[in-house]
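Numbering (the numbering used here), first residue to last: 59 to 216.
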């Protein structure tokens with residue numbers, strides 16, 4: 059089965075249709091940014107909706123390190139404080155020498171750190187935020203099989 063999307067050019071930016079391919083961290087965050095600007099967004103993800111308990115995400119790390127840049131992006135869409143409630147601060151990395159000695163190297167200056175956050179949790183929160191917008195449609199289990207960028211046509215296998 060296939061599905062099609064056509065994003066034709068419109069003169070009014072608020073009516074512009076945008077397709078985002080990929081509903082992972084980058085795609086879902088971009089969906090939030092563009093939705094805030096009023097665009098009509100359709101986000102397509104090849105995998106099943108990871109917010110369903112039965113969905114397993116393969117090939118991804120359990121946690122990721124969230125830096126100042128990542129927090130700034132989350133702050134711009136109003137999610138930074140919510141994510142930080144579930145993040146673990148990491149102030150330094152532990153170095154294990156060949157001779158068995160250990161020492162730490164700080165991630166920044168005194169008081170600075172990066173945060174460990176579960177990748178799936180972060181993605182779920184961002185997807186939920188994206189979906190709160192009436193101008194956003196999330197499509198799961200849609201694999202992009204053809205794109206005609208000159209005509210603005212996308213074809214998906216579902």
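Note that CB positions come from ideal geometry on N, CA and C, so glycine has one too. Note that the structure is predicted; figures quoted are calculated from it, not measured.
DSSP, reduced to helix, strand and coil, places residue 108 outside both helices and strands of the structure shown, so it counts as coil. By the Cβ neighbour-count rule, residue 111 is exposed, with fewer than 16 other Cβ atoms within 10 Å of its own. Contiguous alpha helix (DSSP H) elements confined to the stretch 154 to 214 occur at 177 to 189, taking only those with 4 or more residues. For the pair residue 124 and residue 175, the CB atoms are nearer than the 7 Å cut-off. Residue 196 is not a Cβ neighbour of residue 214, given a cutoff of 7 Å. Shown here, residue 120 sits in coil according to DSSP, grouped into three states, outside any helix or strand. In this structure, 172 is the residue among 181, 93, 141 and 172 with its C-alpha nearest to the C-alpha of residue 149.
Around the beta-carbon of residue 200, 16 or more other beta-carbon atoms lie within 10 Å, marking it buried. By the neighbour-count definition (other C-beta atoms within 10 Å, threshold 16), residue 100 is a buried residue. Distance from the CA of residue 85 to the CA of residue 188, rounded to the nearest whole angstrom, comes to 10 Å. Spanning the alpha carbons of residue 81 and residue 105 requires a straight line of approximately 9 Å. Counting only the Cα atoms, residue 129 lies some 6 Å from residue 138.
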